[in-house]
Amino acid sequence: MKQVNKKYTAIYFLMFLFLLAGCSPEEEVVVPVPEISGIESEYTVLQGDELEFSPVVTNGDDASYRWTVDGKEVANTLSYTFSSDLPGEYKLVLEASNKGGTGRKEAIVTVIDRGAPPAVSGIEEEYTIDADADLQLSPTVVSDNEVTYAWFMDEEEVANGTEYTFNALRPGSYEIILMVTNLGGTTEKKISIKVKAEVIRVETATHTLLSLETPAYLDDEAEIQWVATSASSELYRLSYADTSSPLFVAAKEGEYRLKVTGGEIEGEVVVTVGKLEQEASPYIAEVFDFLPAPGQFVNQLPRYTVGDTREDMVRKAGEYLIGEYASMITLGGWGGYVTFGFDHTIVNVPGRRDFRILGNAFAAAANPSPDAPFGGSCEPAVIMVAYDKNGNGMPDDDEWYEIKGSGNITAENEPWYQMAVDNGNDTRTFRDFEMTYYRPISETAEEAGEPNDPGSFATIKNYIRWTNNQGGEGYKVKNVYHSQSYYPAWVTEDQLTYKGIRLAENGIDESGQGNYFVLYAFRYGYVDNYPNNHNNSGIDIDWAIDKDGNKADLPGIDFVKVYNGVDQENGWLGEASTEVSRGEDLHLLGINIETINE
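Residue numbers are given in our numbering: position 66 of the sequence shown equals residue 112, and the series is strictly consecutive.
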């Protein structure tokens with residue numbers, strides 16, 4: 047029996063502990079701080095007049111009140127009547143206190159002389175409203191005698207009542223002047239109103255040129271300026287930003303906010319960039335034209351088949367160049383070219399290289415010249431670019447801009463320039479060069495030629511005649527290494543004329559015996575000038591200039607024309623002949639190469 051009692055005693059003890067744990071002291075009640083409303087920040091009253099205050103206090107149960115004027119306590123009630131015989135400014139403070147804390151409200155009361163000019167309050171100095179929105183101006187006027195009102199805008203009276211409703215359809219900055227007059231004089235109030243323009247929203251797709259229109263409310267403004275204020279990505283371009291018709295293009299989806307300004311008027315255009323309907327390829331999509339100048343790889347890269355027309359060879363060039371797995375074509379001698387395009391606009395991103403065209407440039411393995419700059423097999427081609435200005439999908443003749451490579455004006459700043467001068471190279475640059483090649487009279491070898499003899503490599507020394515617009519003339523040599531015709535076999539004309547920039551001769555026989563030619567690289571701005579993985583193979587569209595040499599500010603490009611820029615025979619290596627392979631949109635490939643600014 048004792049064991050049972052002990053058992054129940056233990057149970058009762060545990061229940062007691064459980065109940066004790068569930069009990070807690072009375073929870074503390076949080077009392078909210080009083081909140082005061084119904085008191086403005088400023089008041090004006092005549093000398094000796096009364097100003098009654100009846101504020102509303104939220105959470106005011108069990109609250110105590112304290113009114114002070116300039117720090118002196120004047121009342122302990124919720125309501126208070128202010129009056130003063132002395133003109134001036136008075137600081138009025140109401141404090142409402144309870145267990146939760148103290149709420150506070152301040153007001154400035156201005157007491158004016160009787161007989162003084164009207165006191166005007168109740169209107170702000172500045173307002174910002176939307177276009178075509180009403181702004182009701184209702185001032186509070188204190189005067190001991192009758193007053194008159196006059197509202198002015200642009201020095202013209204627009205109203206004479208106690209209130210004025212302002213409305214403006216055209217965005218801009220406006221000034222309203224209110225003049226209130228009594229027997230004591232006139233009080234003037236200036237009110238500045240900024241009317242905001244309606245936000246314009248437009249939609250486009252990535253890699254698509256968007257022509258922006260300046261809002262109609264800026265039609266009368268002589269100077270227009272556009273600027274991007276926020277962007278979802280840095281891969282975008284706003285070109286011709288100081289014109290009424292800028293161009294915008296972005297490589298990434300998102301929202302881009304643009305501010306347009308004319309004089310003091312500002313507007314906002316929000317461009318929403320969506321996904322391109324068909325995914326863009328980073329590689330060449332189409333070849334439009336191909337015409338190599340005579341050279342030792344012509345009719346082989348790509349291969350000519352008897353009966354091929356120019357259209358056939360353009361198609362074959364496309365088969366070589368289009369897509370990721372492109373192979374190499376030759377442009378032959380100076381002036382030979384290829385024109386191709388992408389399936390989208392390559393964005394001209396500020397501060398970055400935007401595209402590159404691969405070639406087969408490489409470094410010399412054993413240049414005997416110590417401390418020489420980069421060189422090897424560098425056969426630079428000049429680059430022309432265009433965007434599809436008229437939207438016809440074709441590279442039109444009037445749309446081309448020149449990529450201003452480092453040697454397009456002069457080679458004097460190239461690191462190998464003095465070496466070339468000392469070697470006797472023609473280091474001049476001609477920007478309006480013309481060269482004509484003539485069909486060879488015979489393809490039959492006149493000499494056997496020795497493949498391993500740098501002095502006996504020629505099989506026809508006077509092979510293809512040429513002339514240029516600088517008074518030069520001569521013959522291109524046929525060598526022992528390539529026996530096919532060097533003249534484009536599909537061409538029916540007996541002569542071919544090419545026009546463009548002729549760069550300085552960059553090839554130097556560093557051996558002095560005709561067996562080790564080094565073709566030195568220009569610093570930047572060409573195809574087949576640096577190895578493909580070198581940063582200097584990248585091209586910045588911002589290097590583009592117009593026909594007058596002015597910076598072009600292109601939004602991007604759709605088309606590229608590449609032509610051989612050097613006319614030089616390099617002994618048994620043959621002519622400097624640009625080779626071209628894959629084209630790449632660097633932004634689509636996620637390749638970030640910083641530009642060169644000069």
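Don't be surprised by glycine CBs; every beta carbon is placed ideally from N, CA and C.
Among the candidates the options, whose CA atom is the shortest distance from the CA of residue i?
i, options, result
"I603", "I154, S285 and S87", "S285"
"N525", "F343, V155, Y195 and T307", "F343"
"A326", "V393, F336, D108 and R349", "V393"
"E244", "S238, G218, L256 and A268", "G218"
"A418", "E357, V317 and A466", "A466"
"I237", "G231, Y210 and R356", "Y210"
"L337", "H633, E370, T538 and V241", "T538"
"E135", "N579, S627, S87 and V333", "S87"
"Y329", "I642, E644, R628 and I637", "R628"
"G421", "P577, H253 and K151", "P577"
"A432", "T473, K607 and T275", "K607"
"S623", "Y366, T456, G611 and D159", "G611"
"I270", "Y282, I637, E314 and V248", "E314"
State the Cα-Cα distance for the pair residue i and residue j, rounded to the nearest angstrom.
i, j, result
"T227", "K145", "50 Å"
"G501", "G560", "7 Å"
"V77", "V102", "18 Å"
"I591", "L600", "9 Å"
"N51", "G106", "Since pLDDT at N51 reaches only 49, below the 50 mark, its modelled position is unreliable, and no value is offered."
"E312", "D180", "19 Å"
"H528", "S452", "33 Å"
"V523", "W618", "10 Å"
"E201", "F212", "15 Å"
"I429", "D574", "11 Å"
"D555", "N616", "8 Å"
"D478", "N508", "26 Å"
"P71", "G147", "Confidence in P71 is poor, its pLDDT being 49 and thus under 50, which makes the residue's placement unreliable; the coordinate value appears in the next sentence. Cα-Cα distance, rounded: 24 Å."
"A121", "S167", "26 Å"
"A331", "P416", "43 Å"
"A162", "E301", "57 Å"
"P497", "V352", "28 Å"
"Y521", "I585", "34 Å"
"L183", "L132", "30 Å"
"L346", "K362", "Correcting the residue type first, residue 346 is Gln in the shown sequence and not Leu. Taking the straight line from one Cα to the other gives about 11 Å."
"A297", "D335", "27 Å"
"I642", "A427", "19 Å"
"P340", "M481", "11 Å"
"A457", "E425", "15 Å"
"M374", "T307", "49 Å"
For residue i, is the classification buried or exposed, using 16 other Cβ atoms within 10 angstroms of its Cβ as the cut-off for buried?
i, result
"N582", "buried"
"F294", "buried"
"C69", "Bear in mind that a pLDDT of 46 at C69, under 50, signals an unreliable position, so the model cannot answer this."
"F386", "buried"
"R402", "buried"
"S423", "buried"
"Q324", "exposed"
"R191", "The question names Arg, yet the displayed sequence has Asn at residue 191. N191 is exposed by the Cβ-count criterion."
"T90", "buried"
"F408", "exposed"
"I487", "exposed"
"M47", "Low per-residue confidence applies at M47: pLDDT is 38, beneath 50, and the placement is therefore not dependable, though the value from the model is reported in the following sentence. M47 comes out exposed."
"A67", "Residue confidence for A67 is low, a pLDDT of 48 falling below 50, so the modelled location carries little weight; the figure read from the coordinates is stated next. With fewer than 16 Cβ atoms within 10 Å of its Cβ, A67 is classed as exposed."
"Q614", "buried"
"L377", "buried"
"S110", "exposed"
"T391", "buried"
Is the separation between the beta-carbon of residue i and that of residue j shorter than 8 Å?
i, j, result
"L97", "S125", "no"
"N552", "Y566", "yes"
"F99", "I85", "yes"
"V157", "E280", "no"
"A251", "K321", "yes"
"N413", "V564", "yes"
"T114", "P80", "no"
"V188", "A165", "yes"
"E640", "G397", "yes"
"L256", "V317", "yes"
"Y383", "Y609", "yes"
"E234", "I223", "yes"
"R548", "W380", "yes"
"T505", "E492", "yes"
Could you tell me whether the Cβ of residue i comes closer than 8 Å to any Cβ of chain D?
i, result
"I455", "No chain D is part of this structure, which consists of one protein chain only."
Exercise for the section: Could I get the ranges of all uninterrupted beta strand (DSSP E) runs contained in the stretch 389-430, with 3 residues as the minimum, in chain order? Expected result: Restricted to the stretch 389-430, the beta strand (DSSP E) segments that are unbroken, complete and at least 3 residues in length are 401-403 and 421-423, listed in chain order.
Problem - Complete beta strand (DSSP E) runs within the stretch 534-610 (minimum length 3 residues, chain order) - result: With a minimum length of 3 residues, the continuous beta strand (DSSP E) runs that stay inside the stretch 534-610 are 541-548, 553-555, 563-566 and 602-610.
Practice task
Can you check the stretch 322-355 for any beta strand (DSSP E) of at least 3 residues that lies completely inside it and give the ranges in chain order?
Solution key: Within the stretch 322-355, the complete beta strand (DSSP E) runs of at least 3 residues are 332-337.
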